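One structure is given here, and the rest of the page talks about it.
Protein chains: 2
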Amino acid sequence: MDEQVVVGTWRYVLAMHSKAMCALERELGDRHGLGPSEFEVLDRIVHHDRKLRLQELCDEVHLSQSALSRVVARLEKAALVTRDACSSDRRGIFVCITPEGRTRHAAALPTQRAVLQEIFAEAPALPGLAAR
Amino acid sequence: MDEQVVVGTWRYVLAMHSKAMCALERELGDRHGLGPSEFEVLDRIVHHDRKLRLQELCDEVHLSQSALSRVVARLEKAALVTRDACSSDRRGIFVCITPEGRTRHAAALPTQRAVLQEIFAEAPALPGLAAR
DNA sequence: TGGCATCTAATGCAGGTGCATAATATGTAT
DNA sequence: ATACATATTATGCACCTGCATTAGATGCCA
Chain D
1 MDEQVVVGTW
11 RYVLAMHSKA
21 MCALERELGD
31 RHGLGPSEFE
41 VLDRIVHHDR
51 KLRLQELCDE
61 VHLSQSALSR
71 VVARLEKAAL
81 VTRDACSSDR
91 RGIFVCITPE
101 GRTRHAAALP
111 TQRAVLQEIF
121 AEAPALPGLA
131 AR
Chain P
1 MDEQVVVGTW
11 RYVLAMHSKA
21 MCALERELGD
31 RHGLGPSEFE
41 VLDRIVHHDR
51 KLRLQELCDE
61 VHLSQSALSR
71 VVARLEKAAL
81 VTRDACSSDR
91 RGIFVCITPE
101 GRTRHAAALP
111 TQRAVLQEIF
121 AEAPALPGLA
131 AR
């Protein structure tokens, strides 16, 4: 793959990630009291529509195991999820979304979508890719 | 812009950012003693081929002003840049790369390129974008 | 059963980041 | 010249993250 394209794509990824993350942190935080990681975890559970083991979530969210463990701890503290023991494998933890968690996620989802729409509308899906 | 495309692009950005950042942190760190931010700052100075003011760097690197200030402090500690006063505006700071900084950057550049090549070669420049 | 490697999740810790603020310099208007 | 708003960089602080490690559970094999 052409190096210029690779570097250009990388710059695009960096720019979009930075812009979107900042905006999400602000909007989700101010309007819904959620960080991007918290929202993402809720979103994945809602999407699967079932309780998930921590390790399953690990594959879906781009966080280390320890970071995810703490995100879930924060969510539990906020009563948006519960951590239920897994009876068949007592090492495992099921993360279950609460009704309040569903409500909060449903409220935050349009905000997230709106932020992403705005960010990606400004810049084309993939720009000229002029590397330097 | 279609919502599915937006969400799919966002997932792509998240995935690439995560993979590439982890790899860069590992490779640049282990092999050259540089973090991604440190490398990026050196890279921008080399690219412009002149001393830059902190604020100019701020526009090019996706870091807050405070984070950049500290990155430069670390680079100065490592003798890879110097912080020179700006005579015309004594608020300003010029960040100048040292010979050792150039050497280190030159050594690290192929590593960075190789990491990016590998990451972006695996996944196409923009995948199917199936959102969920 | 006992011993041991493996797996899962939680935690101590160090480090980087952003926000708010401080400290200093500049420019402008009166 | 003074006062005040603005600009530039540094710093205190809280928070989040990853790495390494720990604690506990499981599986396997002798």
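Protein sequences appear in the order of chains D and P. By full-length UniProt numbering, the letter at position 90 of the first sequence is numbered 90, and the numbering carries on one by one without gaps. By full-length UniProt numbering, the letter at position 20 of the second sequence is numbered 20, and the numbering carries on one by one without gaps. Cβ coordinates follow ideal geometry from the N, Cα and C atoms, glycine included. From a predicted model like this one, the values you see are computed outputs, not experimental measurements.
Q. Hey, would you say the C-beta of cysteine 96 (chain D) is under 8 Å away from at least one heavy atom of the ligand MG?
A. Inclusion of the ligand MG in the displayed structure is not the case, the ligand content being empty and no account of it being possible.
**Q.** Any C-beta of chain P under 9 Å from that of residue 163 (chain D)
**A.** Outside the shown range of chain D (1 to 132) lies residue 163 (chain D), about which nothing can therefore be said.
Q. From which residue to which residue does the alpha helix (DSSP H) around threonine 103 (chain D) run?
A. 99–122
Q.
To the nearest angstrom, how far is the alpha carbon of leucine 52 (chain P) from that of proline 36 (chain P)?
A. 19 Å
Q: Starting from the beta carbon of serine 18 (chain P), find every residue of chain D whose beta carbon is closer than 8 Å, and list them in chain order.
A: Within 8 Å of the CB of serine 18 (chain P), the CB atoms of chain D belong to His62, in sequence order along the chain.
Q | Assigned exposure category for leucine 48 (chain D) - 16 Cβ within 10 Å defines buried | A | Residue 48 (chain D) is actually histidine in this sequence, not leucine. Exposed: under 16 other Cβ atoms inside 10 Å.
Q: Tell me whether the beta-carbon of alanine 78 (chain P) lies closer than 9 Å to the beta-carbon of arginine 31 (chain P).
A: Alanine 78 (chain P) is not a Cβ neighbour of arginine 31 (chain P), given a cutoff of 9 Å.
Q. Can you check whether the CB of valine 41 (chain D) is closer than 9 Å to the CB of leucine 14 (chain D)?
A. no
Q: From the DSSP output, read off the bridge partner residues of phenylalanine 94 (chain P).
A: Beta-bridge analysis with DSSP links phenylalanine 94 (chain P) to P:Arg53, P:Asp84.
Q | Buried versus exposed, by CB contacts within 10 Å (16 or more), alanine 20 (chain P) | A | buried
Q.
So, for aspartate 84 (chain D): in the same chain, excluding its five sequence neighbours on each side, which residues have a beta-carbon less than 6 Å away from its beta-carbon?
A. Phe94, Cys96
**Q.** Alpha-carbon spacing of arginine 26 (chain D) relative to arginine 50 (chain P), whole angstroms
**A.** 35 Å
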